[in-house]
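Report on the structure given below.
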Amino acid sequence: MGKQARVRAREIRHAQAIAARRTANRTRWVLAAGGFVIAGLLVAIVAVVATSGSKNDAPTANDRAAAVMPANASTGGAILIGRPEAAVKVEIYLDYMCPFCGRFEQANSADIDSLVKAGQIRVELHPLAFLDRMSNGTRYSTRTANAIATVADRAPTSLLAFNTALFGAQPAEGSTGLTDDQIAALAVQAGVPAQVASAFTDRTFEPWVAAATDAALKAGITGTPTVKINGVVLRDLYAAGAFKRAVEAVGD
Amino acid sequence: MAEMLATLNRIRHANGWIFATMLVSSVLSLIASFVLAVDALRLAADPSAELSCNINAVLSCGAVGSSWQSHLLGFPNAFLGLMAEPVVITIAVASLGGVRFPRWFMFAAQIVYAVGLVFAYWLLFQSMFVIGALCPWCLLVTVSTTLVFSTLTHVNIRDGNLYLPRRIQSAAVRFVQSNLDLMAIVIWMLALTLAIVAKYGDTLVA
Chain A
79 MGKQARVRAR EIRHAQAIAA RRTANRTRWV LAAGGFVIAG LLVAIVAVVA
129 TSGSKNDAPT ANDRAAAVMP ANASTGGAIL IGRPEAAVKV EIYLDYMCPF
179 CGRFEQANSA DIDSLVKAGQ IRVELHPLAF LDRMSNGTRY STRTANAIAT
229 VADRAPTSLL AFNTALFGAQ PAEGSTGLTD DQIAALAVQA GVPAQVASAF
279 TDRTFEPWVA AATDAALKAG ITGTPTVKIN GVVLRDLYAA GAFKRAVEAV
329 GD
Chain B
34 MAEMLATLNR IRHANGWIFA TMLVSSVLSL IASFVLAVDA LRLAADPSAE
84 LSCNINAVLS CGAVGSSWQS HLLGFPNAFL GLMAEPVVIT IAVASLGGVR
134 FPRWFMFAAQ IVYAVGLVFA YWLLFQSMFV IGALCPWCLL VTVSTTLVFS
184 TLTHVNIRDG NLYLPRRIQS AAVRFVQSNL DLMAIVIWML ALTLAIVAKY
234 GDTLVA
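Note that the protein sequences, when read in sequence, are chains A and B.
Our numbering applies: residue 79 is where the first sequence begins, and numbers increase by one.
Our numbering applies: residue 34 is where the second sequence begins, and numbers increase by one.
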């Protein structure tokens, strides 16, 4: 190879080396930038996780142990409705976010109302709050269950009407649910005195609701609505009149 | 330090690592599909199970399970996973054993799996923003599908299986050689985690 060719070859190698170094530098910058992005994402993830629990302010175990129980309620987590001497005991486990509970109520709330008034049944209403995660962090299930417990405590005569009203205005699963104001308005419409409705936001009975939910899970309840008539699970929940027939069939 | 990085780099680009990652990911995907398929069968066998809000089930209130999105083609989506993942497993195992598949074969696999990836992310979007329910097993499928896709792309770029124009091919090869694809995947996974945690943090932590 002539001297000129050798020089050319060296120049080309030199140019290639510079280009390669430049590419390597650029890559290093990109990797560094990527590293920053990764670090930033990690920090963000940790921050979100750290703050998400407290946003909920769910009752702690200690809270639940010291839970205030509403009047007209049982220690097993039920709200008692109707005359205690009524022959047929109806247990209803529900969650106010549960669309199927809404269907049950729509089909049967009139019958439940008349049977309670006639003294034929006594209802043990278990308001559960396991569907809080379906309300976008607004804890709709807990808030409504607390409202129901408050009404049971201070205005029990309007309880069933309030229960029906809540299901009549039931929000869609996965939505933010009704606001506290909307819940209070429904209560007042159902006959609950205004000062009782304004006490919903005191959240007095939320620990009791949490304890009631735990108790239901431990008692083997796997889904809502679960309806038991004198201890026997009712299967036909949504057909009109099926509930009433099942109640009347008891003791035959 | 530099030596360790060099060793890690070598491992990362080795067939063993790539196909082992593909294998593990596709096995996880298959397991998740199996669980979801069994769940779908259980729901079909006992419709009354669907008519209540199940406290413990993966698919609470039948929200995800009875949604039209979960039966997009008229049967449970999980069945698609049951059909597709064994193919990926076979490709991974065979490749670990030294088999080299024809170019057109790997190209077809890339196309089909890309469709699967789009489907998986569409489902995730539907689940998070339309149905409003989080399905943990579905999430596992999304993650493992992403991993399989990234390893498949890695191999196909490295081996020139994608019939890319020359300039794009060499740019793609450089992208992979400098581990930028790995960084992209890590960033993507973290971004996904952040989105999940931001939307469902209250549920998961409480």
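Beta carbons: idealized from backbone N, C-alpha and C, even for Gly.
Computed from a prediction, not measured in an experiment: that's the story for all the values here.
Item: Using DSSP with H/G/I as helix, E/B as strand and the rest coil, what is residue 180 (chain A)?; Value: helix
Item: What are the complete beta strand (DSSP E) segments, minimum 3 residues, inside the segment 113-169 of chain B?; Value: none
Item: Work out the CA separation of residue 101 (chain A) and residue 89 (chain A) for me, nearest whole Å.; Value: 18 Å
Item: When the Cα atoms are used, what is the spatial distance from residue 192 (chain A) to residue 216 (chain A)?; Value: 34 Å
Item: Could you pull the DSSP bridge partners for residue 210 (chain A) from this structure?; Value: None; residue 210 (chain A) has no bridge partner.
Item: Measuring CA to CA, which of A:153, A:169, A:287 is closest to residue 210 (chain A)?; Value: A:287
Item: At the level of alpha carbons, what is the spacing between residue 60 (chain B) and residue 205 (chain B)?; Value: 28 Å
Item: Which term fits residue 228 (chain A), buried or exposed, when burial requires 16 or more other beta carbons within 10 angstroms of its beta carbon?; Value: buried
Item: Using only the alpha-carbon positions, how far apart do residue 105 (chain A) and residue 301 (chain A) sit?; Value: 55 Å
Item: With 16 other CB atoms within 10 Å as the buried threshold, where does residue 133 (chain A) fall?; Value: The pLDDT assigned to residue 133 (chain A) is 49, lower than 50, so where the model puts this residue is not dependable; a value taken from the coordinates is nonetheless given after this. Residue 133 (chain A) comes out exposed.
Item: With distances taken between CB atoms, is the gap from residue 156 (chain A) to residue 203 (chain A) smaller than 8 Å?; Value: yes
Item: Note down, in chain order, every chain A residue with its Cβ under 7 Å from the Cβ of residue 219 (chain B).; Value: 116
Item: Going by C-alpha to C-alpha distance, which of B:55, B:69, B:54 sits closest to residue 171 (chain B)?; Value: B:69
Item: Grab me the residues of residue 128 (chain B)'s own chain with a C-beta within less than 6 Å of its C-beta, minus the 5 sequence neighbours each way, in chain order.; Value: 52
Item: Tell me whether residue 37 (chain B) is buried or exposed, calling it buried when 16 or more other Cβ atoms sit within 10 Å of its Cβ.; Value: exposed
Item: Should the segment 170-185 of chain A be regarded as contacting the segment 293-307 of chain A, the criterion being three or more beta carbon pairs within less than 8 Å?; Value: yes
Item: Cβ atoms of residue 247 (chain A) and residue 223 (chain A): under 8 Å apart, would you say?; Value: no
Item: When the distance is taken between beta carbons, is residue 245 (chain A) closer than 8 Å to residue 198 (chain A)?; Value: no
Item: State yes or no: is the beta carbon of residue 105 (chain A) nearer than 8 Å to at least one beta carbon in chain B?; Value: yes
Item: From the DSSP output, read off the bridge partner residues of residue 203 (chain A).; Value: A:157, A:170
Item: Please classify residue 273 (chain A) as buried or exposed, where buried requires at least 16 neighbouring CB atoms within 10 angstroms.; Value: exposed
Item: Got a sec, what are the start and stop residues for the beta strand (DSSP E) residue 305 (chain A) sits in?; Value: 304-307
Item: Taking the alpha carbon of residue 113 (chain A) as the reference point, which residue from B:184, B:139, B:56, B:215 has its own alpha carbon closest?; Value: B:215
Item: Whole angstroms is fine: what's the gap from residue 85 (chain A)'s alpha carbon to residue 98 (chain A)'s?; Value: 20 Å
Item: Beta carbon of residue 125 (chain A): closer than 7 Å to some heavy atom of the ligand ATP?; Value: No copy of the ligand ATP occurs in the structure displayed, which carries no ligand at all.
Item: Within 10 Å of its beta-carbon, does residue 133 (chain B) have 16 or more other beta-carbons around it, so buried, or fewer, so exposed?; Value: exposed
Item: Output, in chain order, the set of chain B residues within a Cβ distance shorter than 9 Å of residue 112 (chain A).; Value: 213, 216, 217, 219, 220
Item: In the DSSP output, which residue or residues are listed as bridge partners for residue 311 (chain A)?; Value: A:306
Item: Assign residue 200 (chain A) to one of two classes, buried (16 or more other C-beta atoms within 10 Å of its C-beta) or exposed (fewer than that).; Value: buried
Item: Answer with buried or exposed for residue 159 (chain B), where buried requires no fewer than 16 other C-beta atoms within 10 angstroms of its C-beta.; Value: buried
Item: Is residue 158 (chain A) close to chain B, meaning its C-beta is less than 8 Å from at least one C-beta of that chain?; Value: no
Item: Among all the DSSP beta bridges, which residues are the ones paired with residue 151 (chain A)?; Value: A:157
Item: Please say whether residue 157 (chain B) and residue 186 (chain B) have beta carbons closer to each other than 8 Å?; Value: no
Item: Considering only residues of the same chain and omitting the five flanking positions on each side of residue 35 (chain B), which have a CB-CB separation below 8 Å?; Value: none
Item: Contact criterion: CB-CB distance below 8 Å. Does residue 226 (chain B) meet it with respect to chain A?; Value: yes
Item: Are residue 177 (chain B) and residue 218 (chain B) closer than 8 Å when you measure CB to CB?; Value: no
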